[in-house]
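Colleague: Protein sequence lines, in the order shown, are assigned to chains A and B.
Residue 192 is where the first sequence starts when you use our numbering, and the numbers rise one by one after that.
Residue 192 is where the second sequence starts when you use our numbering, and the numbers rise one by one after that.
Just so you know, even glycine gets a beta-carbon here, dropped at the ideal spot from N, CA and C.
There are 2 protein chains.
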Amino acid sequence: MTRQDIVNQITKKQTFLCVGLDTDIKKVPAHLLNDEDPIFAFNKAIIDATAQYCIAYKPNLAFYESMGVKGWISFEKTIKYLKQNYPEQFIIADAKRGDIGNTSAMYARSFFEELDIDSVTVAPYMGEDSVSPFLTYEGKWVILLALTSNKGSHDFQLTADAKGERLFEKVLRTSQTWATADQLMYVVGATQGQLFEDIRRIAPDHFLLVPGIGAQGGSLEEVCRYGMNSQCGLIVNSSRAIIYASNGTDFAERAAEAARKVADEMKVMLEKYCK
Amino acid sequence: MTRQDIVNQITKKQTFLCVGLDTDIKKVPAHLLNDEDPIFAFNKAIIDATAQYCIAYKPNLAFYESMGVKGWISFEKTIKYLKQNYPEQFIIADAKRGDIGNTSAMYARSFFEELDIDSVTVAPYMGEDSVSPFLTYEGKWVILLALTSNKGSHDFQLTADAKGERLFEKVLRTSQTWATADQLMYVVGATQGQLFEDIRRIAPDHFLLVPGIGAQGGSLEEVCRYGMNSQCGLIVNSSRAIIYASNGTDFAERAAEAARKVADEMKVMLEKYCK
């Protein structure tokens with residue numbers, strides 16, 4: 192999927208919402224538990240209910256892996272369902288992988304060849320050769336962790352070097368020598384509102400995946416004021432606040448309502464800041 | 192598994208070898224390809240042939256994930272086979288995970304509860320709350336990336352802060368406030384021989400997992416001279432040089448030879464430097 196494809200979808204739908212499919216068997220509504228594959232049944236219903244309000248889906252691999260072989264089957268079925276029924280949706284495998292070259296190449300093969308997923312989140316700690324195998328696929332994307340939204344982001348990401356450059360800034364700057372904004376996005380946590388300006392100074396054109404809206408507590412307005420560029424440049428994720436809006440038989444309907452509400456706010460943000 | 196269990200195994204077998212199960216279907220000997228599960232058949236033969244020469248096995252998750260559901264089944268069967276037949280072996284899931292708290296908790300559940308694996312490699316970029324969910328399991332280990340052996344390790348890990356502390360040193364120092372040497376090990380790349388002294392200054396007691404012997408080109412003698420402590424303190428991995436010693440029908444026999452050769456060198460190293 193090209194950057195223009197993503198921009199076109201945002202323009203057409205007037206939303207830049209990503210729905211996080213962090214599907215936990217412990218939170219799936221009881222009436223689905225008799226289904227042959229409750230996780231897939233849940234995801235399918237959530238996708239059908241929310242697709243018109245979002246431009247991307249982000250299954251978090253941990254939630255599927257924690258169920259072993261069964262979980263992996265649910266994950267693959269979810270991807271196939273999205274590809275067949277909503278081919279315009281940008282699919283993000285939230286895997287936070289990153290390993291030495293030949294191992295990263297295996298992960299890339301898994302996500303990009305076997306499953307034909309559009310993008311994967313990658314951790315930068317091991318440097319260029321841990322990231323570059325993901326960059327050899329045309330139309331596929333790396334979403335590199337830069338500044339995350341969790342408390343532990345302060346432990347290392349904000350450490351400044353002798354010249355005053357913080358680690359997340361070095362990641363943003365260095366990684367731009369590996370790929371362009373047509374293949375590379377960054378994970379930037381939404382609870383760090385004031386830092387979006389610093390990030391846009393280094394990476395004005397890149398799409399930023401913002402994971403911290405909703406349960407993680409970021410403000411959409413602040414993210415957009417400081418983070419939006421002329422092509423929108425933001426994909427804002429919400430997981431729990433949407434997919435677990437209800438745990439009754441009305442879960443899909445309520446998820447649609449929650450997604451629509453966020454999409455309505457996003458439309459206002461696009462009118463206000465996307466220029 | 193406790194630290195004493197690991198030390199006891201090293202003392203008894205006079206080896207600190209870890210065999211990396213980076214099993215690639217493209218490299219499995221042709222005569223195994225008709226097997227119902229060639230990856231598991233290969234692993235089983237390699238394990239049976241090498242168990243007396245090593246104290247740990249390290250399946251690399253990427254190699255299993257790249258084969259989707261099938262690969263995950265082979266991975267689970269390999270773990271079960273090890274637990275049932277070689278319960279003294281220390282099992283390392285080389286996964287390099289690391290995510291926000293609730294997601295790391297899912298990974299921990301996957302590796303420690305579902306599969307009862309002894310340890311998992313974790314990436315430090317996201318800080319304490321991405322690591323701590325792995326530390327809530329008694330007898331289970333986190334092996335944190337500190338200084339890796341790949342070229343890209345220079346991109347960020349060696350960056351010094353204003354006080355001259357390099358990122359890998361900050362990871363070593365900071366993470367010791369999260370857990371003791373009874374739960375925490377570090378990944379330290381073997382191609383960085385002279386850096387082992389710096390590491391031992393900060394982490395004298397911790398076990399270090401050294402991935403860079405063999406195909407990745409580190410020297411065992413140099414690692415031991417600078418890295419060994421009175422309890423050995425080293426687990427040195429070799430993958431390709433052992434498991435792909437031959438791709439004929441004699442692959443297991445040749446793997447045993449290769450492992451025995453490394454173990455023989457390790458015995459000498461223990462006599463020389465373990466004091």
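Using DSSP bridges, identify the partner residues of CYS465 (chain A).
Modeller: On the first sequence, position 274 is the one that residue 465 (chain A) refers to. Partner(s): none; CYS465 (chain A) has no beta bridge.
Colleague: For LYS217 (chain B), would you say it is in contact with chain A, using Cβ-to-Cβ distances shorter than 7 Å as the test?
Modeller: As a position in the second sequence, residue 217 (chain B) is number 26, starting the count at 1. So, not an interface residue.
Colleague: Between which two residues does the beta strand (DSSP E) harbouring LEU335 (chain A) extend?
Modeller: On the first sequence, position 144 is the one that residue 335 (chain A) refers to. Taken as a continuous stretch (DSSP letters only), the beta strand (DSSP E) holding LEU335 (chain A) covers 332-338.
Colleague: Got a sec, what are the start and stop residues for the beta strand (DSSP E) ALA253 (chain A) sits in?
Modeller: Stepping through the first sequence from its first residue, residue 253 (chain A) is reached at position 62. Careful: ALA253 (chain A) lies outside any beta strand (DSSP E), inside the alpha helix (DSSP H) at 252-256.
Colleague: Measure from the C-beta of ARG300 (chain B) to each C-beta in chain A and report whether the shortest distance is under 7 Å.
Modeller: By 1-based counting over the second sequence, the position of residue 300 (chain B) is 109. It does; some Cβ of chain A falls within 7 Å.
Colleague: Going along chain A in order, which residues have a C-beta closer than 7 Å to the C-beta of GLY343 (chain B)?
Modeller: Your numbering for residue 343 (chain B) matches position 152 in the second sequence. Under the 7 Å cutoff, chain A gives MET317, GLY318, GLU319, ASP320 and SER321.
Colleague: So with CB distances below 8 Å, who are the chain B contacts of GLU305 (chain A)?
Modeller: Within the first sequence, the letter at position 114 stands for residue 305 (chain A). Simply SER257, MET258 and GLY259.
Colleague: Kindly indicate which residue of B:LYS218, B:ALA240 and B:ARG445 has the alpha-carbon position closest to the one of ILE230 (chain B).
Modeller: Along the second sequence, one-based indexing puts residue 230 (chain B) at 39. The candidate whose alpha carbon is nearest that of ILE230 (chain B) is B:LYS218.
Colleague: In the region 198-271 of chain A, which residue ranges form an unbroken beta strand (DSSP E) of at least 3 residues, counting only runs that do not cross its ends?
Modeller: DSSP runs (the beta strand (DSSP E)) wholly in the region 198-271 of chain A: 208-212 and 247-250.
Colleague: Cβ atoms of GLY380 (chain A) and SER430 (chain A): under 7 Å apart, would you say?
Modeller: Sequence index remark: in the first sequence, residue 430 (chain A) carries index 239 (1-based). Sequence index remark: in the first sequence, residue 380 (chain A) carries index 189 (1-based). No, Cβ-Cβ distance for SER430 (chain A) and GLY380 (chain A) is not below 7 Å.
Colleague: In chain order, which alpha helix (DSSP H) runs of at least 4 residues are fully inside the region 317-395 of chain B?
Modeller: Listed in chain order, they are 319-322, 344-347, 358-366 and 386-393.
Colleague: Find the residues of chain B that neighbour GLY292 (chain A), judging by a C-beta separation of less than 9 Å, and give them in chain order.
Modeller: Working through the first sequence from its first residue, we reach residue 292 (chain A) at position 101. Per Cβ cutoff of 9 Å: ASN341, LYS342 and GLY343.
Colleague: Does the Cβ-Cβ distance between SER310 (chain B) and TRP332 (chain B) come in under 7 Å?
Modeller: Residue numbering aside, residue 310 (chain B) sits at position 119 when the second sequence is read from its first letter. Residue numbering aside, residue 332 (chain B) sits at position 141 when the second sequence is read from its first letter. A contact, by the Cβ cut-off of 7 Å.
Colleague: Identify each residue in the region 371-402 of chain B for which the Cβ-Cβ distance to at least one residue of chain A is less than 7 Å, and report them in chain order.
Modeller: Listed in sequence order: no entries.
Colleague: Name the two residues that bound the continuous beta strand (DSSP E) containing ALA284 (chain A).
Modeller: Residue mapping note: residue 284 (chain A) aligns to position 93 of the first sequence, counting from 1. Per DSSP, ALA284 (chain A) belongs to the beta strand (DSSP E) from 281-288.
Colleague: What span of residues does the beta strand (DSSP E) with LEU425 (chain A) cover, start to end?
Modeller: Walking along the first sequence from the start, residue 425 (chain A) turns up at place 234. Its beta strand (DSSP E) spans residues 425-429.
Colleague: Closest Cβ-Cβ distance between LYS287 (chain A) and chain B: below 7 Å?
Modeller: Your numbering for residue 287 (chain A) matches position 96 in the first sequence. Chain B contact via Cβ: present.
Colleague: Quick one, which of B:CYS415, B:GLY424, B:ASP441 and B:ILE264 has its alpha-carbon nearest VAL459 (chain B)'s?
Modeller: On the second sequence, position 268 is the one that residue 459 (chain B) refers to. Checked all of B:CYS415, B:GLY424, B:ASP441 and B:ILE264; the closest Cα to VAL459 (chain B) is B:CYS415.
Colleague: Give the residues from the region 429-443 of chain A that approach chain B closer than 7 Å (Cβ to any Cβ), ordered along the chain.
Modeller: Those residues of the region 429-443 of chain A that come within reach of chain B (Cβ to Cβ, closer than 7 Å) do not exist; the list is empty.
Colleague: Enumerate in chain order the residues of its own chain whose CB-to-CB distance from GLN200 (chain A) is below 6 Å, with the five nearest sequence positions on each side excluded.
Modeller: Locating residue 200 (chain A) in the first sequence gives position 9, where the first residue counts as 1. Only ILE246 and GLU279 meet the Cβ criterion.
Colleague: When the Cα atoms are used, what is the spatial distance from ASN225 (chain B) to THR440 (chain B)?
Modeller: Your numbering for residue 225 (chain B) matches position 34 in the second sequence. Your numbering for residue 440 (chain B) matches position 249 in the second sequence. Rounded to the nearest angstrom, the two C-alpha atoms are 13 Å apart.
Colleague: Could you please give me the residues that DSSP links to THR312 (chain A) through a beta bridge?
Modeller: The sequence position of residue 312 (chain A) within the first sequence is 121, counting from 1. Beta-bridge pairing links THR312 (chain A) to A:ILE334.
Colleague: Please list the terminal residues of the continuous alpha helix (DSSP H) segment that includes THR294 (chain A).
Modeller: For this step, residue 294 (chain A) is matched to residue 103 along the first sequence. Run containing THR294 (chain A): 292-299, per the alpha helix (DSSP H) assignment.
Colleague: Let me check one thing: in DSSP terms, what residues is LEU399 (chain B) bridge-paired to?
Modeller: The count along the second sequence starts at 1 and reaches residue 399 (chain B) at position 208. Bridge partners of LEU399 (chain B): B:TYR377 and B:LEU425.
Colleague: May I ask you to verify whether the region 192-211 of chain B touches the region 230-245 of chain B, counting CB pairs closer than 8 Å and requiring at least 3?
Modeller: Verdict: yes, contact present.
Colleague: With a cut-off of 7 Å, does the C-beta of THR368 (chain B) fall near any C-beta of chain A?
Modeller: Translated into positions along the second sequence, residue 368 (chain B) becomes position 177. THR368 (chain B) does not count as touching chain A.
Colleague: If we define contact as Cβ-Cβ less than 7 Å, is THR269 (chain A) a contact residue for chain B?
Modeller: Counting from one through the first sequence, the residue named residue 269 (chain A) turns up at place 78. No, THR269 (chain A) does not count as interfacial toward chain B.
Colleague: Taking C-beta pairs closer than 9 Å, name the residues in chain B that LYS143 (chain A) reaches, listed in chain order.
Modeller: Any property of residue 143 (chain A) remains undetermined from this structure, which presents chain A solely from 192 to 466.
Colleague: Have a look at GLU462 (chain B) and ASP346 (chain B) and give me their C-alpha separation to the nearest angstrom.
Modeller: The count along the second sequence starts at 1 and reaches residue 462 (chain B) at position 271. The count along the second sequence starts at 1 and reaches residue 346 (chain B) at position 155. So the alpha carbons of these two residues sit roughly 37 Å apart.
Colleague: Less than 7 Å separating the beta-carbons of ALA284 (chain A) and ILE308 (chain A)?
Modeller: The residue you call residue 284 (chain A) lines up with position 93 of the first sequence. The residue you call residue 308 (chain A) lines up with position 117 of the first sequence. Contact flag set, yes.
Colleague: Which of helix, strand or coil does DSSP assign to ASN438 (chain A)?
Modeller: As a position in the first sequence, residue 438 (chain A) is number 247, starting the count at 1. The answer is coil: DSSP assigns ASN438 (chain A) none of H, G, I, E or B.
Colleague: Would THR241 (chain A) count as contacting chain B if we go by Cβ distances under 7 Å?
Modeller: By 1-based counting over the first sequence, the position of residue 241 (chain A) is 50. Chain B contact via Cβ: absent.
Colleague: Are the Cβ atoms of ALA447 (chain B) and THR241 (chain B) separated by less than 7 Å?
Modeller: On the second sequence, residue 447 (chain B) is found 256 positions in, with the first residue counted as 1. On the second sequence, residue 241 (chain B) is found 50 positions in, with the first residue counted as 1. Result yes, Cβ atoms of ALA447 (chain B) and THR241 (chain B) sit closer than 7 Å.
Colleague: Looking only at its chain, what residues have a beta carbon closer than 6 Å to the beta carbon of SER295 (chain B), apart from the 5 residues adjacent to it on each side?
Modeller: Here residue 295 (chain B) refers to the residue found at position 104 when the second sequence is read from its first residue. Within the same chain, SER295 (chain B) has close Cβ partners SER321 and PRO324.
Colleague: Please return the same chain residues whose Cβ sits closer than 6 Å to the Cβ of GLY424 (chain A), not counting the five positions on each side in sequence.
Modeller: Taking the first sequence and counting its residues from 1, the one referred to as residue 424 (chain A) is at position 233. Result list for GLY424 (chain A): PHE398, in chain order.
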